[in-house]
Amino acid sequence: MSDKIYPPSKEFVAGAHVDADRYEDLYAASINDPEAFWAEHGKRVDWMKPFTKVKNVDFTFGNVSIKWFEDGTLNVAANCIDRHLETRGDQTAIIWEPDEPGDAARHITYRELHENVCKMSNVLKNLGVKKGDRVVIYLPMIPEAAYAMLACARIGAIHSIVFAGFSPDALGARINGCDARLVITADSAPRGGRMTKLKDNVNQALLHDVNDVKCLVVQRSGDQIAWRSEGDYWLHEELEKVDSDCPPEEMNAEDPLFILYTSGSTGQPKGVVHTQGGYLVWAAMTHELTFDYHRGDVFWCTADVGWVTGHSYIVYGPLANGATTLMFEGVPTYPDAGRFWAVCEKHKVNQFYTAPTAIRALMGQGNDFVEKYDLSDIKVLGTVGEPINPEAWNWYNEVVGKGNCPIVDTFWQTETGGHLITPLPGAIATKPGSATKPFIGVQPVVLETESGKEITTTEASGVLALKDSWPGQMRTVWGDHDRFQATYFQQYKGYYFTGDGCRRDADGYYWITGRVDDVINVSGHRMGTAEVESALVAHSKVAEAAVVGYPHDIKGQGIYAYVTLMTGEEPSDELRKELEAWVRAEIGPIAKPDLIQWAPGLPKTRSGKIMRRILRKIAENDYGSLGDTSTLADPSVVDDLIENRRNR
Ligand code: WTA
Numbered sequence: 001m002s003d004k005i006y007p008p009s010k011e012f013v014a015g016a017h018v019d020a021d022r023y024e025d026l027y028a029a030s031i032n033d034p035e036a037f038w039a040e041h042g043k044r045v046d047w048m049k050p051f052t053k054v055k056n057v058d059f060t061f062g063n064v065s066i067k068w069f070e071d072g073t074l075n076v077a078a079n080c081i082d083r084h085l086e087t088r089g090d091q092t093a094i095i096w097e098p099d100e101p102g103d104a105a106r107h108i109t110y111r112e113l114h115e116n117v118c119k120m121s122n123v124l125k126n127l128g129v130k131k132g133d134r135v136v137i138y139l140p141m142i143p144e145a146a147y148a149m150l151a152c153a154r155i156g157a158i159h160s161i162v163f164a165g166f167s168p169d170a171l172g173a174r175i176n177g178c179d180a181r182l183v184i185t186a187d188s189a190p191r192g193g194r195m196t197k198l199k200d201n202v203n204q205a206l207l208h209d210v211n212d213v214k215c216l217v218v219q220r221s222g223d224q225i226a227w228r229s230e231g232d233y234w235l236h237e238e239l240e241k242v243d244s245d246c247p248p249e250e251m252n253a254e255d256p257l258f259i260l261y262t263s264g265s266t267g268q269p270k271g272v273v274h275t276q277g278g279y280l281v282w283a284a285m286t287h288e289l290t291f292d293y294h295r296g297d298v299f300w301c302t303a304d305v306g307w308v309t310g311h312s313y314i315v316y317g318p319l320a321n322g323a324t325t326l327m328f329e330g331v332p333t334y335p336d337a338g339r340f341w342a343v344c345e346k347h348k349v350n351q352f353y354t355a356p357t358a359i360r361a362l363m364g365q366g367n368d369f370v371e372k373y374d375l376s377d378i379k380v381l382g383t384v385g386e387p388i389n390p391e392a393w394n395w396y397n398e399v400v401g402k403g404n405c406p407i408v409d410t411f412w413q414t415e416t417g418g419h420l421i422t423p424l425p426g427a428i429a430t431k432p433g434s435a436t437k438p439f440i441g442v443q444p445v446v447l448e449t450e451s452g453k454e455i456t457t458t459e460a461s462g463v464l465a466l467k468d469s470w471p472g473q474m475r476t477v478w479g480d481h482d483r484f485q486a487t488y489f490q491q492y493k494g495y496y497f498t499g500d501g502c503r504r505d506a507d508g509y510y511w512i513t514g515r516v517d518d519v520i521n522v523s524g525h526r527m528g529t530a531e532v533e534s535a536l537v538a539h540s541k542v543a544e545a546a547v548v549g550y551p552h553d554i555k556g557q558g559i560y561a562y563v564t565l566m567t568g569e570e571p572s573d574e575l576r577k578e579l580e581a582w583v584r585a586e587i588g589p590i591a592k593p594d595l596i597q598w599a600p601g602l603p604k605t606r607s608g609k610i611m612r613r614i615l616r617k618i619a620e621n622d623y624g625s626l627g628d629t630s631t632l633a634d635p636s637v638v639d640d641l642i643e644n645r646r647n648r
């Protein structure tokens, strides 16, 4: 941890939306009188029928209910498009940068965006999609992904995006999970020069479909693809049948806008539900203030729309603000490790937002890749997804930002809709590795891990929870409100529990120390250890599996799997490869175990509970602090595990 502190420059502060005094004022106002504060700031979106009720929140376990602006009506797509037409119809809304640097980028104006989204909305209607229906989007990073999201929003359908790197099985589970009527996909798509056959994956996912799920296909590559016997449609053919007139549906503030599946500490991924009004207010406000976005700036968030970061900071936040948002189809290292910086130079990017794992990977490739490019348009650099180590922070600051660009380390979650703890770049001096201070309206608390007591001293260490709600908070788990309450409100009564550990220093700065539950964070992607375990035990040769995270230089955390084979099965390198491929196929490449250790036995309590704490310590190579192992049913398994621990 570094004690160095980096205040923003005087010039930056002078031009910023929010300086230190204004932050103090806004923050105090938001906490002292949230009703009045949000009655005012809720106006940053256009309402069809203005709200009269601001906030109606109950965090009591058993009774959890979260509502913001509940009697207002609006349309999210109209807020992201129509209301900008008069003032900036010819301004670029989306810059699309394709996978191949030699292929032409596209600039889509707000007027063109309007036409594309209205037409796609009419296609959805023609295919029978109605208000409240669920639509799964399984697309690469092409403009049609944004059109599809906004078309759903326009007609009141609920989208659920599945990251295009997920396997057919994972896709199928999500299609069924939200009972979708339609899947929107592409034929196949390049990423880092390699093709993914998306339509094939959809066919496989729908192999046993009994619901007659339809499939709308964007032609991206022109590759030959297999059609099902019925229910498949080309987007370009359907577009010929519709006009570009589609009035936006009037939606209630608390109608669901989207479902996004995310990993938790138990069971299969849960469908996080965000609603229309509060989410949009939050996405727009955090986008503008955290990145100090000014009109005309080019904003680039490198995430995929398959993750929440892409929802809030490629599409909804920027477009609600009338921004120019860049959408990149490729990967940071293709054709070489200079691609990010080449794109920044080419499109004169002003705010750049990426993940620590990408920074660490690029840092390892040397500074030449950065220094060849003119990055002088960059004003703010952001990170998200996992704690950033000070080395990576310093490299980002010095080599990419030339010491001139505030770094915003934004802590938040799929559940929170947008930033929770982050510096506002003109207001808060940064410290490498700290997400610093709460965003306006956010009340973080540090609780004692065991007792759940709120620690009131400035310096504190424990788990991170939130006192009271903010407009962008998730409202429920799709189809399972009990699970929502049990996951976030049961353990620490009266608070929203993040699942993260945290330290608050003497200056009141927050340092996120990572998950305290069975969620691991691999290259900034959330992964439930239970998901990987259930994929492993689904293999016929596996009797039992336990998965933990371990520190990994590039990925932040790697996936370490302890596997007990069925009696009679012999461990071998081939079997190890087979299991890796199996998990890839069951979930997707991001879930492939980095290390698999054969475990004749797993450390269990006498009641049969696996002691993950011990497995974590062994994976971390930290045997000194294994703690008391005498309560184990068979303490000798620990010696065997230590002896046969796998090295990186
Ligand atoms: C972690 C991503 C430290 C954290 C937006 C959280 C972070 C989980 C940071 C949510 C950060 C995210 N510093 N840790 N700046 N940002 N995390 O749902 O553990 O994919 O709980 O949302 O990522 O991951 P999710």
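Under UniProt numbering, the sequence shown has 59 at position 59, and the numbering climbs by one with no breaks. Quick reminder that beta carbons are idealized off the backbone N, C-alpha and C, glycines included.
Practice task
Using three-state DSSP, classify His-17 as helix, strand or coil.
Solution key: coil
Practice task
Using 7 angstroms as the cut-off, classify the Cβ of Asn-521 as near or not near the heavy atoms of ligand 1, replying yes or no.
Solution key: yes
Practice task
State yes or no: is the C-beta of Asp-187 nearer than 7 angstroms to some heavy atom of ligand 1?
Solution key: Not one heavy atom of ligand 1 is found less than 7 angstroms from the C-beta of Asp-187.
Problem - Own chain, CB closer than 7 angstroms to residue 652, minus 5 neighbours either side, in chain order - result: In the structure as shown, the chain begins at 1 and stops at 648. Residue 652 is therefore absent and cannot be evaluated.
Exercise for the section: Examine the Cβ distances between the stretch 111-123 and the stretch 78-97 and report whether three or more of them are shorter than 8 angstroms. Expected result: yes
Exercise for the section: Starting from Ile-614, trace the beta strand (DSSP E) both ways and give me its first and last residue. Expected result: Where Ile-614 is concerned, there is no enclosing beta strand (DSSP E), although the alpha helix (DSSP H) it sits in stretches over 612-619.
Exercise for the section: Measure the Cβ-Cβ separation of Ala-427 and Asp-409 and say whether it is below 8 angstroms. Expected result: Their beta carbons are not under 8 angstroms apart, which means Ala-427 does not touch Asp-409 by this criterion.
Exercise for the section: Would you identify the three-state DSSP class for Lys-75, choosing helix, strand or coil? Expected result: At residue 75 the sequence reads Asn, which differs from the Lys that was named. In the structure shown, Asn-75 sits in coil (DSSP, three-state: anything other than H, G, I, E or B).
Exercise for the section: Look up Ser-160 in the DSSP assignment and say whether it is helix, strand or coil. Expected result: Note: Ser-160 maps to strand in three-state DSSP.
Problem - Ranges of the alpha helix (DSSP H) found wholly within the UniProt domain "AMP-binding enzyme C-terminal" (531-609), counting only runs of at least 4 - result: 573-586
Handout entry: First through last residue of the beta strand (DSSP E) which encompasses His-274
Key = 270-275
Practice task
Only counting runs of 4 or more residues, tell me where the alpha helix (DSSP H) segments fall wholly within the stretch 389-471, in order along the chain.
Solution key: 390-395
Practice task
Taking all protein chains shown into account, decide if Glu-574 is buried (16 or more other Cβ within 10 angstroms of its Cβ) or exposed.
Solution key: exposed
Practice task
State buried or exposed for Trp-227, treating a residue as buried only when at least 16 other CB atoms are found within 10 Å of its CB.
Solution key: exposed
Exercise for the section: Please indicate yes or no: does the CB of residue 655 lie closer than 7 angstroms to some heavy atom of ligand 1? Expected result: Residue 655 falls outside the range modelled here, since the chain spans only 1 to 648, and no answer is possible.
Practice task
Please confirm whether any heavy atom of ligand 1 lies closer than 7 angstroms to the CB of Glu-115.
Solution key: no
Handout entry: Closer than 7 angstroms: Val-384 CB and nearest ligand 1 heavy atom
Key = yes
Practice task
Check the C-beta distance from Gly-417 over to Gln-365 and give it rounded, since I have them as a contact under 8 angstroms.
Solution key: Not a contact, Cβ separation roughly 34 angstroms.
Problem - Continuous alpha helix (DSSP H) stretch holding His-170: start and end - result: Before going on, a small fix: residue 170 reads as Ala here, not His. Looking at the DSSP string, the run of the alpha helix (DSSP H) that includes Ala-170 is 168-177.
Handout entry: Buried/exposed call for Ala-164, threshold 16 Cβ in 10 Å
Key = buried
Handout entry: DSSP beta-bridge partners of Gln-351
Key = Phe-299, Val-380
Handout entry: Boundaries (first-last residue) of the beta strand (DSSP E) holding Glu-97
Key = 92-97
Problem - Distance CB(Val-45)-CB(Leu-74) smaller than 8 angstroms - result: yes
Practice task
Could you tell me if the beta carbon of Pro-387 falls within a distance shorter than 7 angstroms of some heavy atom in ligand 1?
Solution key: yes
Practice task
Would you list the one or two residues that DSSP bridges to Lys-197?
Solution key: None; Lys-197 has no bridge partner.
Practice task
Would you check if there are 3 or more beta carbon pairs closer than 8 angstroms linking the stretch 304-314 to the stretch 334-345?
Solution key: no
Problem - Check: Thr-449 C-beta below 7 angstroms from any heavy atom of ligand 1 - result: no
Practice task
Since I believe Arg-612 is in contact with Ala-546 (beta carbons under 8 angstroms), could you give me their beta-carbon distance rounded to a whole number of angstroms?
Solution key: 7 angstroms
Exercise for the section: Could you tell me whether the Cβ atoms of His-41 and Val-281 are closer together than 8 angstroms? Expected result: yes
Exercise for the section: Would you mind stating whether Val-384 and Phe-291 have Cβ atoms separated by less than 8 angstroms? Expected result: Not closer than 8 angstroms, so no.
Problem - Spatial distance of Phe-489 from Val-57 (CA atoms) - result: 13 angstroms
Exercise for the section: Taking Leu-319 as part of the alpha helix (DSSP H), name the residues at either end of that continuous run. Expected result: Note, Leu-319: alpha helix (DSSP H), 317-320.
Exercise for the section: Determine the direct distance from the alpha carbon of Ile-388 to that of Trp-341, and round the result to whole angstroms. Expected result: Roughly 20 angstroms between the two C-alpha positions.
Problem - Rounded C-alpha distance that separates Val-343 from Ala-153 - result: Distance between the alpha carbons of Val-343 and Ala-153 is about 30 angstroms.
Handout entry: C-beta neighbour in chain C for Trp-300, strict 8 angstroms
Key = In the structure shown, chain C cannot be found, because there is only a single protein chain.
Problem - Enclosing alpha helix (DSSP H) for Asp-232 [first to last residue] - result: Segment 232-234 is the beta strand (DSSP E) holding Asp-232; no alpha helix (DSSP H) there.
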